[in-house]
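Residue numbers (our numbering): 3 to 367.
Next up, the structure:
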């Protein structure tokens, strides 16, 4: 019996997402109620949580192996002393989201779309989070008046055709509160697409219930981008949540973050993307880790991401290959970074190589 099965059998409310949220582990003492915590780890957690918040659902913790220092699940959910280290390139707001904010909760960086921060609460506070400066502050949620102002901004800008509802994690909101936001967005004539960014199917899959899906189905076209970083996160519970969303007619994409020691090799990423497509989730982005304070130990060299995508190309179906991007420091937006297959372009021909490195020539028209 797995630890997840053991804990699910022990706690009758295990599959109640509200119970999971109420029982998130946020401290060394809280962790000790679930697993054995060595004294060294206890001191490390107490030291780190004085600077950065920690929160992990019992469900996601059940996937972790705290005895393995290289465990990819533990690294993503339990604070580490390395988060207290500072790199010269670290910044509290590396993407300059505050500079692109047009209201307290709307970031307008691209011409035809905006980001609406619906809440700063999450099911789990990921150790690599780019918004760790504000995520976890439950009071950083639009008030009714602020939501009115934010919707007024969107109404006043007819060029906005796409709204990404994110946070925090909007799927941690009560269903009726989330419906208020989505229904009012859908009522704006020029808003064609509503997207939701969430890690709930990964860290709190029991949240994907019939009530939520019944509500979301009313407001199509609606897209959901999830975040799975390692194949071990795609448990039977997570698979069931993804299948429910796909059955509800919601297109699903995955946005992984490239994390050192977790998914920074082609074999690990290949296993992840093939599992995702079996769950009807299209790998969308592979993000280079941002220059956020305290996460330098997660960052890889950019060449690592380029090499991973190069090794995937031709070895998995094209729709299973994510786009490797860097979110430009300072607020320049997402920039795709890829292997250059072109050897030469001239007036007569294009000389290029394929995924195996063989050279081909295409005559110019």
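Note that the Cβ used here is the ideal one computed from N, Cα and C, for glycine as well.
Measuring only the C-alpha atoms, how far is residue i from residue j?
i	j	result
residue 63	residue 347	52 Å
residue 123	residue 135	12 Å
residue 131	residue 292	9 Å
residue 192	residue 161	8 Å
residue 207	residue 214	12 Å
residue 180	residue 312	39 Å
residue 2	residue 197	Residue coverage of the chain in this structure runs from 3 to 367, which leaves residue 2 outside it and unanswerable.
residue 149	residue 183	8 Å
residue 128	residue 355	39 Å
residue 12	residue 359	54 Å
residue 36	residue 253	36 Å
residue 65	residue 32	17 Å
residue 133	residue 5	31 Å
residue 92	residue 299	11 Å
residue 361	residue 343	9 Å
residue 377	residue 40	Because the chain here runs from 3 to 367, residue 377 falls outside it and cannot be looked at.
residue 26	residue 9	14 Å
residue 349	residue 54	56 Å
residue 304	residue 80	25 Å
residue 243	residue 210	6 Å
residue 235	residue 226	18 Å
residue 352	residue 116	38 Å
residue 260	residue 285	13 Å
residue 75	residue 239	16 Å
Could you give the DSSP three-state label for residue i: helix, strand or coil?
i	result
residue 329	strand
residue 256	strand
residue 53	coil
residue 226	strand
residue 33	helix
residue 274	helix
residue 366	coil
residue 315	strand
residue 69	coil
residue 296	coil
residue 182	helix
residue 13	coil
residue 219	helix
residue 43	helix
residue 136	coil
residue 361	strand
residue 205	helix
residue 148	helix
residue 77	helix
residue 123	coil
residue 95	coil
With burial defined as no fewer than 16 other Cβ atoms inside 10 Å of the residue's Cβ, what is the status of residue i: buried or exposed?
i	result
residue 85	buried
residue 77	buried
residue 145	exposed
residue 289	buried
residue 357	exposed
residue 138	buried
residue 15	exposed
residue 212	exposed
residue 363	exposed
residue 322	buried
residue 390	In this structure the chain extends from 3 to 367, so residue 390 is not present and cannot be described.
residue 158	exposed
residue 24	exposed
residue 329	buried
residue 340	exposed
residue 111	buried
residue 258	buried
residue 126	buried
residue 172	buried
residue 22	buried
residue 189	exposed
Throw me the rounded Cβ distance for the residue i and residue j pair, which I believe falls under 8 Å.
i	j	result
residue 121	residue 170	4 Å
residue 307	residue 326	5 Å
residue 101	residue 335	Not quite, the Cβ-Cβ distance comes to about 12 Å (not below 8 Å), so this is no contact.
residue 338	residue 96	That pair is no contact at about 19 Å.
residue 294	residue 262	At roughly 14 Å, the Cβ-Cβ gap does not stay under 8 Å, so residue 294 and residue 262 are not in contact.
residue 280	residue 314	The Cβ separation is near 16 Å, so there is no contact.
residue 119	residue 89	Contact doesn't hold; Cβ gap of about 26 Å is too wide.
Would you say residue i faces chain B, with C-beta separation under 8 Å as the test?
i	result
residue 292	Absent here is chain B; the protein component of the structure consists of one chain.
Closer than 7 Å to a non-hydrogen atom of the ligand SAM - does that hold for the CB of residue i?
i	result
residue 270	Questions concerning the ligand SAM fall outside what the structure shown contains, since it holds no ligand whatsoever.
Evaluate contact between the stretch 148 to 155 and the stretch 99 to 107, counting only Cβ atoms and requiring at least three cross-stretch pairs below 8 Å. Of all C-beta pairs linking the stretch 148 to 155 to the stretch 99 to 107, three or more are shorter than 8 Å, placing the two stretches in contact.
Pairing CB atoms from the stretch 200 to 207 with CB atoms from the stretch 228 to 242, are three or more of them under 8 Å? Result yes; three or more Cβ-Cβ pairs closer than 8 Å.
Is the stretch 53 to 68 in contact with the stretch 245 to 258, if contact means three or more CB pairs nearer than 8 Å? Verdict: no, contact absent.
Is the number of C-beta pairs between the stretch 36 to 48 and the stretch 215 to 223 that are closer than 8 Å three or more? Segments in contact, no.
Three or more C-beta pairs below 8 Å linking the stretch 314 to 330 and the stretch 269 to 279: For the pair of segments examined, the stretch 314 to 330 was found to touch the stretch 269 to 279: the number of CB pairs separated by less than 8 Å reaches three.
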